[in-house]
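Taken in sequence, the protein lines are chains P, F, R and D.
Residue 36 in the working numbering sits at position 36 of the first sequence; the count goes up by one each step and never skips.
Position in the second sequence (from 1) plus 435 gives the number in the working numbering.
Position in the third sequence (from 1) plus 870 gives the number in the working numbering.
Position in the fourth sequence (from 1) plus 1305 gives the number in the working numbering.
Here the structure comes first, spelled out in structure tokens, and everything after it is commentary.
Number of protein chains: 4
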Amino acid sequence: MMIMKPKPSGFLPDRALYERRESEVRSYARSMPRQFGRAEGVWMHDDQGGRYLDLLSGCSTLNYGHNHPILKQALLDYIAADGIAHGLDLHTDAKREFLAAFEELILKPRDLDHRVMFTGPTGTNAVEAAIKLARKVTGRELVIAFTNGFHGMTLGALACTGNAAKRGGAGVPLAHVSHEPYDGYYGPEVDTADLLEQRLSDPSSGLDAPAAILVETVQGEGGLNAASPEWLCRIAQIAKTHGALLIVDDIQAGCGRTGGFFSFEDMGFTPDIVTLAKSLSGMGLPFALTLLRPELDQWSPGEHNGTFRGNNHAFVTATAALRHFWSTDEFRRDADRRGALLASRLATIAAEHGFETRGRGMMRGINVGSGELAATVTGACFDAGLIIETSGAHDEVIKVLAPLVIDDAVLGTGLDILETKIREAMAADYAVAAE
Amino acid sequence: MMIMKPKPSGFLPDRALYERRESEVRSYARSMPRQFGRAEGVWMHDDQGGRYLDLLSGCSTLNYGHNHPILKQALLDYIAADGIAHGLDLHTDAKREFLAAFEELILKPRDLDHRVMFTGPTGTNAVEAAIKLARKVTGRELVIAFTNGFHGMTLGALACTGNAAKRGGAGVPLAHVSHEPYDGYYGPEVDTADLLEQRLSDPSSGLDAPAAILVETVQGEGGLNAASPEWLCRIAQIAKTHGALLIVDDIQAGCGRTGGFFSFEDMGFTPDIVTLAKSLSGMGLPFALTLLRPELDQWSPGEHNGTFRGNNHAFVTATAALRHFWSTDEFRRDADRRGALLASRLATIAAEHGFETRGRGMMRGINVGSGELAATVTGACFDAGLIIETSGAHDEVIKVLAPLVIDDAVLGTGLDILETKIREAMAADYAVAAE
Amino acid sequence: MMIMKPKPSGFLPDRALYERRESEVRSYARSMPRQFGRAEGVWMHDDQGGRYLDLLSGCSTLNYGHNHPILKQALLDYIAADGIAHGLDLHTDAKREFLAAFEELILKPRDLDHRVMFTGPTGTNAVEAAIKLARKVTGRELVIAFTNGFHGMTLGALACTGNAAKRGGAGVPLAHVSHEPYDGYYGPEVDTADLLEQRLSDPSSGLDAPAAILVETVQGEGGLNAASPEWLCRIAQIAKTHGALLIVDDIQAGCGRTGGFFSFEDMGFTPDIVTLAKSLSGMGLPFALTLLRPELDQWSPGEHNGTFRGNNHAFVTATAALRHFWSTDEFRRDADRRGALLASRLATIAAEHGFETRGRGMMRGINVGSGELAATVTGACFDAGLIIETSGAHDEVIKVLAPLVIDDAVLGTGLDILETKIREAMAADYAVAAE
Amino acid sequence: MMIMKPKPSGFLPDRALYERRESEVRSYARSMPRQFGRAEGVWMHDDQGGRYLDLLSGCSTLNYGHNHPILKQALLDYIAADGIAHGLDLHTDAKREFLAAFEELILKPRDLDHRVMFTGPTGTNAVEAAIKLARKVTGRELVIAFTNGFHGMTLGALACTGNAAKRGGAGVPLAHVSHEPYDGYYGPEVDTADLLEQRLSDPSSGLDAPAAILVETVQGEGGLNAASPEWLCRIAQIAKTHGALLIVDDIQAGCGRTGGFFSFEDMGFTPDIVTLAKSLSGMGLPFALTLLRPELDQWSPGEHNGTFRGNNHAFVTATAALRHFWSTDEFRRDADRRGALLASRLATIAAEHGFETRGRGMMRGINVGSGELAATVTGACFDAGLIIETSGAHDEVIKVLAPLVIDDAVLGTGLDILETKIREAMAADYAVAAE
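Written as structure tokens, this is what we have:
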């Protein structure tokens, strides 16, 4: 693998423009201060000739890599033919093709009769639609979310998000949500589903009857905590028992990231509502949707709407991605195999330093115990041409979110860099500690 | 002008698919039940050979028409060259070009020192960011919005929206917002700015000190009510006096729709925060941003974020649109002239039946007094090949949101159809009344 | 009249105790820094031999004066006989006697079929019960209250209170209430009932469908604003039209203060819910109740409760007061006559300085235009042996809340003092202005 | 002991009056349908000649029994001498005497420097004041309360209450409070203080930084759950660590009910804020207060107020009670001894049927496992002349809240009845089960 380091000086000629005109809210651009131009597959290129291996994948938005040629060509053809780019929520050929492919390749084979709601093209909008519907259908107000959950930044979804810094941005109290302990939150001995069940069954617990339980099967932002299938089944059962809808937020863990198209496949339960976004378009275009059981489809026309709720370009690439990757189970088998490889390799790296691994499928990481150490490592990786980020309450988990289509050898080389940089950082730490 | 009527039978071959799989929340597809494929300029085409003149423009999302060739070519080139489609909020060439053009062509000439915040690519997300920031900066919680205002469907923005049906979808009480009467709400004799001033100055009025006043200069969804410059200046002054930020939601009225790039140009005040979306990308791609005075840029990195907050394809088309349409003032002069034409023509149509016109610039309509009549007219227009919609608390305003680039003659022909259909509907009404 | 001035020095021997141990929240004790012991009728006595004419009456809690001999004797007899002091909400002889007298002397003659709910013995508790019930019965959440309204200090009632300083004490946003302009708020030309009607009839006004409209007929704390009967009838009609309950908070204006037992008698409407407290016990003992139409009595047993919800001592004195003062209409006729006298006298005083009077019945005052002037006057009055207080958003209204049983001559002497002190304050003001 | 059974027929001659005029919200009057008149010490008398032993004590409001002769005489003397009954929050002799006695006998001996805030005379008002102050002082909004906690029925206090039926009465969502598991909630193996500590220390737990932790040391309404001193100390420490104020709601457990004047004495921590009500006046008169550390006394004058916040009659009886019962430690020693007696006797009764006991001091009960059984027992007790009630999430705990001054023999006879009635009910249950 050839990763060219960018020139150390003058690496960001337009820094002044950004500082003058882009809001301080920008974040990734700070830890990866380059000017990027082209990208294909697993590679990103900066304007100084630097090439970077992308093990972040737009936080799981680029499961099929950058600018996959089949998706790209489909989009080029569509645009060239004056295919409708924007048509509000009108029926378009692009929407029909997507809907047909999604039914044929995703819903039917998994025996799901859910309907598709095209929400605004952001994950947070899909979550807002999901909890609005749950509240409407049940006539209840409380949503149960979980510790370390992340569901978005608009006011309804933000209330479901655990992170204090994100929550603090609301400027108003975040209400109508209770955060309960996620699987394993109190250690392996405490079954947190039991705790939830007890409180919901107790009419004096102070926990109101919930409209919905909103859960990620793997907490992407919260530290790659992966819930066990047993726990998720319990949660599904608890929701049913207490008249609440089960919403699985599959925005980061879905679209193949954890193996199946949905992260909850083969676990023995079916969510009432599912949210999808990120890799749904396959090419990184804004696109989100909310799946709902037909009997829950009690929306009035336009009761939740939005200008961009039908992103036709995204329909085109999403359809191409579904047909290319999900017509057979080869893609899934590859991802499963690669996920096992990743797991094994990360376990080795972690074991060397007594760290723990986290995650499931191709959504895994190493908890290095402190955000400072994690930042040192990912910074060093970036300087070595590796785009990799952290996660968790203290940013203490280094997460590997490689494109699912990555070549085994390239993944291996990327993990070599990670291994080296962790080792170097640990050595430096020992050196400091020894002084 | 040739508008081909679609075949009356078999017009929607895939109806069963939509009914089986698309949520009941769909809306425009109900009043315009066609399957659309191609679109260019002011025209949309269905799969039965029908051609439609688009006087809706994606609710002002397509101010430059469908698939404008210059924008389209820029996007095709970018994609073909593997330009980055998705890069979270990293610096990309596409972002730099947009930011530079936006500064050069929009901000500097208008003497605005605002910073650009790339929010999630929906209008509602830009509004959420705006009110979060206002609450954070002021330490206050109340936002003052206006009767008939529309600001989005996520929980924070929905609280600012006036429409009861939309609000009802929240399933929880919408708090921290007070809706005050818009300009002219109580008729021409009552200055509603005075009413607001009195209540804010009264420590026992029950109206808490506001973080922000959030206003549209023309209420696109609320019935094309256009506030006077004098009233808007008063509101700006009231915000300043009472320590609140002035947020102009320019999502529908901006990007040239009312003449200038911003709807508030030359009015003598500068908003603290501005939200933009809809026509910002120029080609209908999801894109939104929030402009803020530099001293308000108190965000922590990532305090408001979102996966798709940098839609690079939209940067490309937006930049092309800025450079093509906003480098000189020809486009604006054209739009002003065409807006006057539209005003004159609508006034004539309205006068014939004693109706009132509404709006400003190329954002105008006729209040026909009832939603039923308006629906009859727009339905008949659609059957005659004209895409046109309604607005207002009772959907009683027929609104003309033509692409700004529409040819005068084509606009004239469209308005001919509207004139005829109103006349026919009124005649039918009289006939019914006479029976 | 003999009003002895207290000794200027050493007037509060126990100041240190209060400063050491009583919270800073104390208020009246600051502007009237004396140690009071005895009181009878209209007189209060301090421990330095000072005697004060009480034109405050515990903010209308002592409509029958201090320690009225008939009420006092009834209570002494009850206590001496070991009558139950505390019995939760059990049936007691004292409760039965009160209930029978209240039905016979108050409800039946006024053709009211309301039921009596014994709430916690504070006005705020009665208001909380009223709005809880309205929300429960209607299934709605919004309560409409009015500018300058005062309804209590617990979180539900405080949300209905207009005063910013009181509201600020909540420490959380006060939700589910909208404050609309009271009668005359925008001057005599604007009918604020029209404004309310328009907004409630407009489905896009942003004003949600209300559970209740909560109104005082005279705003005791808000500046003695008296609504006209016509306006109140309109409000009652608006509530009915829009499916909201009408709640009259008669805590300060009821129990004879404005003439009838209720302040809304003979106005042509019947509230759905009425709250009473203050003078209800007749002797200043804590007692409150909420009256509700029988069809609204949808409470579950104990759904709203409280330890002291049956204050038996208060039942005893309340019953004695009802039987003594409300068996004939002599008391009301006296109060009406005295109210007219008060009105006339205040008008004269006000006219001398160009001030306006406010209020109705024996609940009247003079708006002297500034809180500073009002405080100067009431301070001077106090030094002259007159207990009198202010009201209004800026404490700019000097209010006269004399016991209703006050002798005409004594009232006259009190008003003489007020007249003099206003005149002196105005002269001093001129003197200052002239320098 | 002589307990006369009331006549079985005609026991409530005025039933029609109550049904016609008293709200359905009445509760105790339903399970104890008698008309009571006199009461002294531990005895209540109905109007049919029935005498009842009161083991409910107004839910701990009558710790010194009904109409204690010393308190009664003090009140008679005060009233006879025209002592001020109502004086808003003015300094009165009665208030001074109370404040001096409270400082001398309660605060100083326990080394407490707290200040006294005279709130509205209800427990719920004292709690509202406490949480308002905590929110004001900390600038935070969240209050942590506990499962099965009961704190009152006004909106702020109700949000802190766990009971679903009570909460449901609010009609609006109850916000800004999180209910955490009380000591022992998840069984003896789970230290719920650890759970709380973990969540508060985790910046992604979704639990916002709290303004206060609000706790009862024994949950009177919640089932007589008694927290251990160790757990309470942990909670106090957790509050301190996380910048929250510790509020002990001592309304039911204080005033000697659990031994000391405060329920938390000798436990090694000092609450920041304490609420008191119920037995504070000693004679059942409405009276409540909130104690606060002097550095927290950041109230503005009148920021929390209320008409009856200085109930002078209650000051008189409270002072008499303090001087009579709390000048020496004899009363406490007696109560401790009697509490041990009660514990022992209840343990015997419970053991016979395999039940568990609950509580501390003179605040104890038996968990009989079901609300139905408990209601059968207490109903049978009432028919036998014993006033006794239930508590707990399912009303499954029979609680003994005898006056603290009860004679040992009389208490014994009361418990004999309870023992018999439990035995009879169990026998009947077995008989039913055997059929």
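Glycine is no exception: its CB is placed at the ideal position from the N, C-alpha and C atoms.
* Could you please tell me which residues of the region 1424-1436 of chain D, in chain order, have their CB closer than 7 Å to any CB of chain R? => Within the region 1424-1436 of chain D, those residues whose Cβ lies closer than 7 Å to any Cβ of chain R are, in chain order, G1425, P1426, T1427, G1428, T1429, N1430 and E1433.
* Step through the CB atoms of chain R and report whether any lies within less than 8 Å of the CB of T742(F). => Here the question's residue 742(F) lines up with position 307 in the second sequence. With 8 Å as the cut-off, T742(F) does not count as an interface residue toward chain R.
* 9 Å Cβ cut-off: residues of chain F touching D1309(R) -> Because residue 1309(R) is not part of the residues shown, which for chain R are 871 to 1305, the question remains open.
* To do: For G1092(R), return the contacting residues in chain F, with the cut-off set at a CB-CB distance below 8 Å.
  => As a position in the third sequence, residue 1092(R) is number 222, starting the count at 1. What G1092(R) touches in chain F: S639.
* To do: Could you please give the first and the last residue of the uninterrupted alpha helix (DSSP H) stretch that includes N1617(D)?
  => Numbered from its first residue, the fourth sequence carries residue 1617(D) at position 312. Per DSSP, the continuous alpha helix (DSSP H) segment holding N1617(D) begins and ends at N1617 to F1630.
* Asked: Beta-carbon of Y499(F) versus every beta-carbon of chain R: anything under 8 Å?
  -> Taking the second sequence and counting its residues from 1, the one referred to as residue 499(F) is at position 64. Chain R contact via Cβ: absent.
* Determine, using beta-carbon pairs with one atom in the region 895-906 of chain R and one in the region 1603-1614 of chain D, whether at least three such pairs fall under 8 Å. => Yes, since at least three Cβ pairs between the region 895-906 of chain R and the region 1603-1614 of chain D fall closer than 8 Å, the two stretches touch.
* To do: Please check if any C-beta of chain R sits within less than 8 Å of the C-beta of R465(F).
  => Translated into positions along the second sequence, residue 465(F) becomes position 30. No, R465(F) lies away from the interface with chain R (no Cβ there is under 8 Å from its Cβ).
* Measuring alpha carbon to alpha carbon, tell me which of Q905(R), L958(R) and P903(R) ends up nearest L1590(D). => For the purposes of this step, residue 1590(D) is identified with residue 285 of the fourth sequence, where counting begins at 1. Per the C-alpha coordinates, the member of Q905(R), L958(R) and P903(R) positioned closest to L1590(D) is L958(R).
* Asked: Going by beta carbon distance, what residues of the same chain come within less than 7 Å of D467(F), once the five residues before and after it are set aside?
  -> The residue you call residue 467(F) lines up with position 32 of the second sequence. Position check: residue 467(F) holds Met in this sequence, whereas Asp was assumed. Excluding residues within five positions, the ones whose Cβ falls inside 7 Å are F817 and I822.
* Please report how far the alpha carbon of A723(F) lies from the alpha carbon of A374(P), in whole angstroms. => As a first step, residue 723(F) must be located in the second sequence, where it is residue number 288. As a first step, residue 374(P) must be located in the first sequence, where it is residue number 374. So the two alpha carbons sit approximately 33 Å from each other.
* To do: Could you name the residues of the region 78-89 of chain P whose beta carbon sits closer than 9 Å to any beta carbon of chain F, in the order they occur along the chain?
  => Those residues of the region 78-89 of chain P that come within reach of chain F (Cβ to Cβ, closer than 9 Å) are I79, A80, A81, D82, G83, I84, A85, H86, G87, L88 and D89.
* Would you please verify whether the beta carbon of S1483(D) is less than 8 Å from any beta carbon of chain P? => The residue given as residue 1483(D) occupies position 178 in the fourth sequence. Yes, S1483(D) lies at the interface with chain P (some Cβ there is under 8 Å from its Cβ).
* Which class does M1023(R) belong to by DSSP, given the choice of helix, strand or coil? -> Locating residue 1023(R) in the third sequence gives position 153, counting from the first residue. If DSSP states are grouped into helix, strand and coil, M1023(R) belongs with coil.
* Asked: Skipping 5 residues on each side, what residues in its chain have a beta carbon closer than 6 Å to that of M2(P)?
  -> Stepping through the first sequence from its first residue, residue 2(P) is reached at position 2. With a pLDDT of only 49 at M2(P), under the threshold of 50, the placement of this residue in the model should not be trusted; the figure read from the coordinates follows. Hits under 6 Å: none found.
* Use the C-beta contact count for D93(P): other C-beta atoms within 10 angstroms, 16 or more gives buried, fewer gives exposed. => By 1-based counting over the first sequence, the position of residue 93(P) is 93. Answer is buried; the Cβ neighbour count reaches 16.
* Which of the three DSSP states, helix, strand or coil, is assigned to L53(P)? -> On the first sequence, position 53 is the one that residue 53(P) refers to. Residue state, collapsed to three classes: strand.
* Answer yes if the region 1139-1151 of chain R comes into contact with the region 1037-1050 of chain R, meaning at least three C-beta pairs across the two stretches below 8 Å, and no otherwise. => Under the three-pair Cβ rule at 8 Å, the region 1037-1050 of chain R does not count as touching the region 1139-1151 of chain R.
* State the beta-bridge partners of T376(P) as determined by DSSP. => The count along the first sequence starts at 1 and reaches residue 376(P) at position 376. Under DSSP, no beta-bridge partner is assigned to T376(P).
* Look at the Cβ atom of N125(P), then the Cβ atom of T589(F), and state whether they are nearer than 8 Å. => Numbered from its first residue, the first sequence carries residue 125(P) at position 125. Numbered from its first residue, the second sequence carries residue 589(F) at position 154. Closer than 8 Å, so yes.
* **Distance, P1080(R) Cα to P876(R) Cα** => Reading the third sequence from its first residue, position 6 is the one you call residue 876(R). Reading the third sequence from its first residue, position 210 is the one you call residue 1080(R). Residue placement at P876(R) cannot be trusted, given a pLDDT of 48 that sits under 50; the coordinates are not used to answer.
* Asked: Mapping DSSP to helix, strand and coil, what is L777(F)?
  -> For the purposes of this step, residue 777(F) is identified with residue 342 of the second sequence, where counting begins at 1. Taken through DSSP and simplified to helix, strand or coil, L777(F) comes out as helix.
* **Contacting residues, own chain, Cβ-Cβ under 7 Å from E1242(R) (five flanking each side not counted)** => Here the question's residue 1242(R) lines up with position 372 in the third sequence. Excluding sequence neighbours, E1242(R) sits near nothing in its chain.
* If you draw a straight line from the C-alpha of H1021(R) to the C-alpha of A955(R), how long is it? -> Residue 1021(R) sits at position 151 when you count from the first residue of the third sequence. Residue 955(R) sits at position 85 when you count from the first residue of the third sequence. Rounded to whole angstroms, H1021(R) to A955(R) spans 28 Å at the Cα level.
* Round the Cβ separation of L214(P) and C160(P) to the nearest angstrom and send it over; I've been treating them as touching at under 8 Å. => Start at 1 with the first residue of the first sequence, and residue 214(P) comes out as number 214. Start at 1 with the first residue of the first sequence, and residue 160(P) comes out as number 160. The distance from the Cβ of L214(P) to that of C160(P) is about 6 Å, consistent with a contact at the 8 Å cut-off.
* Could you tell me whether any Cβ in chain R is nearer than 8 Å to the Cβ of D487(F)? => If you number the second sequence from 1, residue 487(F) lands on position 52. Checking the sequence shown, residue 487(F) turns out to be Tyr, not Asp. Not closer than 8 Å to any Cβ of chain R, the Cβ of Y487(F) fails to qualify, so no.
* To do: Could you tell me whether any Cβ in chain D is nearer than 8 Å to the Cβ of M1233(R)?
  => If you number the third sequence from 1, residue 1233(R) lands on position 363. Closer than 8 Å: no.
* Apart from the five residues just before and just after I247(P), which ones in its own chain have a Cβ nearer than 6 Å to its Cβ? -> Here residue 247(P) is taken as the residue at index 247 of the first sequence, counted from 1. Result list for I247(P): A130, A212, L214 and I273, in chain order.
* Asked: Do the CB positions of P1164(R) and H611(F) come within less than 8 Å of each other?
  -> For the purposes of this step, residue 1164(R) is identified with residue 294 of the third sequence, where counting begins at 1. For the purposes of this step, residue 611(F) is identified with residue 176 of the second sequence, where counting begins at 1. No, Cβ-Cβ distance for P1164(R) and H611(F) is not below 8 Å.
* Asked: Quick one: which chain D residues come within Cβ less than 8 Å of H1021(R)?
  -> In the third sequence, counting from the first residue as 1, residue 1021(R) sits at position 151. Those do not exist, as H1021(R) stays about 12 Å from chain D at its closest Cβ, beyond 8 Å.
* Which chain D residues are close to N148(P), counting only those with a beta carbon under 9 Å from its beta carbon? -> For the purposes of this step, residue 148(P) is taken as the residue at position 148 of the first sequence. Under the 9 Å cutoff, chain D gives D1507, S1509, S1510 and G1511.
* In angstroms, rounded to a whole number, what distance separates the CA positions of H677(F) and T275(P)? -> Working through the second sequence from its first residue, we reach residue 677(F) at position 242. Working through the first sequence from its first residue, we reach residue 275(P) at position 275. Taking the straight line from one Cα to the other gives about 41 Å.
* Which of the three DSSP states, helix, strand or coil, is assigned to H936(R)? -> Stepping through the third sequence from its first residue, residue 936(R) is reached at position 66. Of the three classes helix, strand and coil, the one that applies to H936(R) here is strand, per DSSP.
* Where are the alpha helix (DSSP H) runs, 4 residues long or more, that stay fully inside the region 1517-1555 of chain D, in chain order? -> Segments of the alpha helix (DSSP H) lying fully in the region 1517-1555 of chain D: 1534-1546.
* Three CB pairs or more closer than 8 Å across the region 834-843 of chain F and the region 476-490 of chain F -> Because the criterion of three Cβ pairs below 8 Å is met, the region 834-843 of chain F and the region 476-490 of chain F touch.
* Using the rule of at least 16 other Cβ atoms within 10 Å of the residue's Cβ for burial, across every protein chain shown, is Y1248(D) buried or exposed? -> Since the first residue shown for chain D is 1306 and the last is 1740, residue 1248(D) is missing from the structure and cannot be characterised.
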